[in-house]
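**Student:**
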Amino acid sequence: MKYKAKNALLEVVGLLLFATLRADASTTVTLNGSACPVDAVITRDVCVIGGGASGTYAAIRLSDLGKSVVVVEQQDRLGGHTQTYTDPVTGGHIDYGVEDWHNLPVVLDFFARLNVSLVTQSNSVYGTSQYYDFSTGKSVPGYSAGDPTPGLTAYAAQLAANYSYLEEGFGGIPYPVPSDLLLPFGEFVIKYSLQSVVSLIFSVSQGLGNLLAQPTLYVFKSFGLGIIQGFEEGYLTTAANDNSLLYEHAYAELEPNVLLNSTILLVNRSSPNEANVLVSNPSGQTLLKCGKLVFAIPPKLNNLEGWDLSLSELSLFGQFTNSAYYTAIVRNSGLPSNITFVNVSPNTIYQIPKLPGIYEISPTGITGLLNVKFGSSQTLPDSEVQQQILSTIANLQVAGKTPGVPSLAVYSSHAPFELAVSPSAIAAGFYKELYALQGQRNTYYTGAAFHTQDSSLLWQFTEALLPSITDS
Numbered sequence: 339m340k341y342k343a344k345n346a347l348l349e350v351v352g353l354l355l356f357a358t359l360r361a362d363a364s365t366t367v368t369l370n371g372s373a374c375p376v377d378a379v380i381t382r383d384v385c386v387i388g389g390g391a392s393g394t395y396a397a398i399r400l401s402d403l404g405k406s407v408v409v410v411e412q413q414d415r416l417g418g419h420t421q422t423y424t425d426p427v428t429g430g431h432i433d434y435g436v437e438d439w440h441n442l443p444v445v446l447d448f449f450a451r452l453n454v455s456l457v458t459q460s461n462s463v464y465g466t467s468q469y470y471d472f473s474t475g476k477s478v479p480g481y482s483a484g485d486p487t488p489g490l491t492a493y494a495a496q497l498a499a500n501y502s503y504l505e506e507g508f509g510g511i512p513y514p515v516p517s518d519l520l521l522p523f524g525e526f527v528i529k530y531s532l533q534s535v536v537s538l539i540f541s542v543s544q545g546l547g548n549l550l551a552q553p554t555l556y557v558f559k560s561f562g563l564g565i566i567q568g569f570e571e572g573y574l575t576t577a578a579n580d581n582s583l584l585y586e587h588a589y590a591e592l593e594p595n596v597l598l599n600s601t602i603l604l605v606n607r608s609s610p611n612e613a614n615v616l617v618s619n620p621s622g623q624t625l626l627k628c629g630k631l632v633f634a635i636p637p638k639l640n641n642l643e644g645w646d647l648s649l650s651e652l653s654l655f656g657q658f659t660n661s662a663y664y665t666a667i668v669r670n671s672g673l674p675s676n677i678t679f680v681n682v683s684p685n686t687i688y689q690i691p692k693l694p695g696i697y698e699i700s701p702t703g704i705t706g707l708l709n710v711k712f713g714s715s716q717t718l719p720d721s722e723v724q725q726q727i728l729s730t731i732a733n734l735q736v737a738g739k740t741p742g743v744p745s746l747a748v749y750s751s752h753a754p755f756e757l758a759v760s761p762s763a764i765a766a767g768f769y770k771e772l773y774a775l776q777g778q779r780n781t782y783y784t785g786a787a788f789h790t791q792d793s794s795l796l797w798q799f800t801e802a803l804l805p806s807i808t809d810s
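Numbering (this note's numbering), first residue to last: 339 to 810.
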């Protein structure tokens, strides 16, 4: 999404500030044993790595607390998983990433701070649901999701009685780790007679991959007490039906201290009082000299080329596996625009479909455009996901379907999505060691791997981290 033009004064200030940061073109610095040419040097209190939900929140709040910041973002926009498509025909907006937030003080405060209005989300756009086996394209006659209440009640009781600490992150996990948290969720379901809620959890906690094989810990983290509370209180979304507005307003606040389209080349944290980050962007190579780093990207080793990782970081980050999640807006599907098509399988336990595949195809509120959610237990090539989305839609045998060749209006990969480690690693204290990284080598960690794929809860987590970052 392109940001609206800022006023002339801000542009002039930004140009003057950038001009003061320019270094001699022949300047070189030595980082991690390599001599590197530098076109500009930026000195800040804090460098935020990643401009998704956690990184943007950290940058705004640190600025409010009097710290100078710079944000490094690989994409051409802030917002991460929050993405909005603007239909060129109607001008209508469709959120095809993050769709809502919890009704929490941290959410209300952040939106008020950035002057973005919220309303309670309405589900009226989704219409009625019809159930199809997407592997065959045929409807599943007589299918009913059933009443999830008995299982949901028992599930919520387990969370409230034994695992409420998970709402704050992984830091409260006791040791030895409760054995139920390590069970494959399918076994936990049988142990506590939760069968009636499985379909609901599968549909809400999209992106977990193989739900029944996941350690129960990760299902609790994805489908926690906050989610259940949201069913009762309602979720929030933007009044303008454009969730990316939040990050556009944040960008306006943070510019020119945001480096978009930027790739980290080298990171050196050997100094006790400073972290150096070399970044490549359209303006050249920029050296960031910062007192502290906020790490807000997925901690997968393939994301960290050029980082001076410690042995602990190498060991911990190297254990992460991930599922994958993909979203798209499809046009010319031939499908009705007032029906949600849900993927079910008559041949599997609980009739949840096998992945990779589409979870559901739902209305967007704009005729001719449908929202598609796709999941996989591992990262797939984008071309493979796109082809499967289009072929699945083309093969659906829906009464009244009109002829047409489906196409993607927009597509996004949210991989890597759910970062997880093995039950044996959890039991051995993985998350105790992961959280012990906080503050080491001038670096503070936030993001989904340290809590959950939920912007609202990540803002709470990041807020709790701020005193440690600002303490000098």
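Cβ atoms here follow ideal geometry from the backbone N, Cα and C, with glycine treated the same way. Values in this document were obtained by computation on a predicted structure and should not be read as measured data.
With DSSP run on the structure shown, which of helix, strand or coil describes Ser806?
**Tutor:** Your numbering for residue 806 matches position 468 in the sequence shown. In the structure shown, Ser806 sits in a helix (DSSP, three-state: H, G or I).
**Student:** In whole angstroms, what separates the C-alpha of Thr740 from that of Ser675?
**Tutor:** For the purposes of this step, residue 740 is taken as the residue at position 402 of the sequence shown. For the purposes of this step, residue 675 is taken as the residue at position 337 of the sequence shown. Cα to Cα, Thr740 sits roughly 12 Å from Ser675.
**Student:** Val542 by DSSP, collapsed to three states: which one?
**Tutor:** Within the sequence shown, numbered from 1, the residue matching residue 542 stands at position 204. Note: Val542 maps to helix in three-state DSSP.
**Student:** Of all the beta strand (DSSP E) runs that stay within the bounds of the segment 695-764, which reach a length of 3 or more residues?
**Tutor:** If only complete runs of 3 or more residues are kept, the segment 695-764 shows the beta strand (DSSP E) at 695-701, 707-714 and 745-751, in order along the chain.
**Student:** Assuming contact is defined by CB atoms lying nearer than 8 Å, are Ala747 and Tyr395 in contact in what I supplied?
**Tutor:** Against the sequence shown, residue 747 aligns to sequence position 409. Against the sequence shown, residue 395 aligns to sequence position 57. For Ala747 and Tyr395, no; Cβs fall outside 8 Å.
**Student:** Could you please give the first and the last residue of the uninterrupted beta strand (DSSP E) stretch that includes Leu772?
**Tutor:** Taking the sequence shown and counting its residues from 1, one reaches residue 772 at position 434. That residue, Leu772, is in no beta strand (DSSP E); its alpha helix (DSSP H) goes Phe768 to Tyr773.
**Student:** Do Thr474 and Phe523 come within 8 Å of each other at the CB atom, strictly closer than that value?
**Tutor:** Along the sequence shown, read from residue 1 onward, the residue named residue 523 stands at position 185. Along the sequence shown, read from residue 1 onward, the residue named residue 474 stands at position 136. In this structure, Thr474 does not lie closer than 8 Å to Phe523 by Cβ.
**Student:** Give a yes or no on contact between the segment 763-778 and the segment 647-654, applying the rule of three or more CB pairs nearer than 8 Å.
**Tutor:** yes
**Student:** Could you give the uninterrupted runs of the alpha helix (DSSP H) lying entirely in the segment 375-439, keeping only those of 4 residues or more?
**Tutor:** 391-402
**Student:** Hey, Val615 and Gly393 are a contact pair by Cβ (cut 8 Å); roughly how many whole angstroms apart?
**Tutor:** The residue you call residue 615 lines up with position 277 of the sequence shown. The residue you call residue 393 lines up with position 55 of the sequence shown. Actually they do not touch by this definition, with Cβ atoms about 14 Å apart.
**Student:** Just confirm the distance between the C-beta atoms of Leu598 and Gln413, as a whole number of angstroms; I'd bet it's less than 8 Å.
**Tutor:** Position 260 of the sequence shown, counted from the first residue, corresponds to residue 598. Position 75 of the sequence shown, counted from the first residue, corresponds to residue 413. Yes, they are in contact, since the Cβ atoms of Leu598 and Gln413 sit about 7 Å apart, within 8 Å.
**Student:** Report the partner residues of Gln468 according to the DSSP bridge assignment.
**Tutor:** Residue mapping note: residue 468 aligns to position 130 of the sequence shown, counting from 1. Paired residue(s): Phe679.
**Student:** Using a Cβ distance threshold of 8 Å, determine whether the segment 725-742 contacts the segment 633-641, with at least three qualifying pairs required.
**Tutor:** no
**Student:** Check each candidate in Thr420, Asp809 and Glu411 and name the one with the smallest Cα separation from Asn611.
**Tutor:** Counted from its first residue, the sequence shown places residue 611 at position 273. Checking every option, the nearest Cα to that of Asn611 belongs to Asp809.
**Student:** Between Ser455 and Ala577, what straight-line distance do the alpha-carbon atoms span, to the nearest angstrom?
**Tutor:** For the purposes of this step, residue 455 is identified with residue 117 of the sequence shown, where counting begins at 1. For the purposes of this step, residue 577 is identified with residue 239 of the sequence shown, where counting begins at 1. About 6 Å.
**Student:** Can you tell me which of the three DSSP states Lys476 falls into?
**Tutor:** Position 138 of the sequence shown, counting from 1, holds the residue named residue 476. Strand at Lys476.
**Student:** If we ignore side chains and look at the alpha-carbon of each, how far apart do Ala397 and Phe799 end up?
**Tutor:** By one-based count along the sequence shown, residue 397 stands at place 59. By one-based count along the sequence shown, residue 799 stands at place 461. Approximately 14 Å between the Cα atoms of the pair.
**Student:** Are the Cβ atoms of Thr575 and Asp438 separated by less than 8 Å?
**Tutor:** Position 237 of the sequence shown holds residue 575. Position 100 of the sequence shown holds residue 438. For Thr575 and Asp438, yes; Cβs fall inside 8 Å.
**Student:** Looking at Asn579 and His431, is the spacing between their C-beta atoms short of 8 Å?
**Tutor:** Within the sequence shown, the letter at position 93 stands for residue 431. Within the sequence shown, the letter at position 241 stands for residue 579. Result yes, Cβ atoms of His431 and Asn579 sit closer than 8 Å.
**Student:** Between the alpha carbons of Gly545 and Gly484, how many angstroms are there, rounded?
**Tutor:** Position 207 of the sequence shown holds residue 545. Position 146 of the sequence shown holds residue 484. One C-alpha to the other measures close to 22 Å.
**Student:** Quickly, what does DSSP pair Thr305 with across the bridge? List them, please.
**Tutor:** The first residue shown for the chain is 339 and the last is 810, placing residue 305 beyond what the model contains.
**Student:** I'd like the span of the alpha helix (DSSP H) that includes Asn453, first residue to last.
**Tutor:** If you number the sequence shown from 1, residue 453 lands on position 115. It is not in any alpha helix (DSSP H) - Asn453 carries neither H nor E in the DSSP assignment.
**Student:** For Phe540, which of Tyr697, His789, Val743 and Ile677 has the nearest alpha-carbon?
**Tutor:** Taking the sequence shown and counting its residues from 1, one reaches residue 540 at position 202. Here the closest residue by C-alpha is Tyr697.
**Student:** Count the other CB atoms, across all protein chains shown, that sit within 10 Å of the CB of Val743; report buried if there are 16 or more and exposed otherwise.
**Tutor:** Along the sequence shown, one-based indexing puts residue 743 at 405. Val743 comes out exposed.
**Student:** Return the first residue and the last residue of the alpha helix (DSSP H) that Ala634 is part of.
**Tutor:** Mapped onto the sequence shown, residue 634 falls at position 296. From DSSP, Ala634 is part of no alpha helix (DSSP H); its letter is neither H nor E.
**Student:** Restricting to Cα atoms, I'd like to know which of Leu490, Ala492 and Tyr513 is closest to Phe768.
**Tutor:** Along the sequence shown, read from residue 1 onward, the residue named residue 768 stands at position 430. Out of Leu490, Ala492 and Tyr513, Tyr513 has the C-alpha closest to the C-alpha of Phe768.
**Student:** Can you name the residues that DSSP bridges to Ser372?
**Tutor:** On the sequence shown, residue 372 is found 34 positions in, with the first residue counted as 1. According to DSSP, Ser372 bridges with Leu369.
**Student:** If we count Cβ pairs, one from each stretch, closer than 8 Å, do we get three or more for the segment 699-718 versus the segment 659-672?
**Tutor:** yes
**Student:** Using only the alpha-carbon positions, how far apart do Tyr585 and Leu803 sit?
**Tutor:** Translated into the one-based positions of the sequence shown, residue 585 becomes position 247. Translated into the one-based positions of the sequence shown, residue 803 becomes position 465. Rounded to the nearest angstrom, the two C-alpha atoms are 21 Å apart.
**Student:** What does a CB cutoff of less than 7 Å around Tyr783 pick up in its chain, not counting 5 residues either side in sequence?
**Tutor:** Along the sequence shown, one-based indexing puts residue 783 at 445. Only Phe633, Leu775 and Gln776 meet the Cβ criterion.
**Student:** Whose CA, out of Ala391, Asp402, Pro594 and Thr601, lies closest to the CA of Thr790?
**Tutor:** For the purposes of this step, residue 790 is taken as residue 452 along the sequence shown, with counting starting at 1. Closest by alpha carbon: Ala391.
**Student:** Take Tyr589 as the anchor and find which of Val407, Gln689 and Leu796 has the nearest alpha-carbon.
**Tutor:** Stepping through the sequence shown from its first residue, residue 589 is reached at position 251. For Tyr589, the closest C-alpha among the options Val407, Gln689 and Leu796 is that of Val407.
**Student:** Can you tell which of Pro594, Thr781 and Arg451 has the C-alpha that lies nearest to the C-alpha of Lys630?
**Tutor:** Taking the sequence shown and counting its residues from 1, one reaches residue 630 at position 292. Here the closest residue by C-alpha is Thr781.
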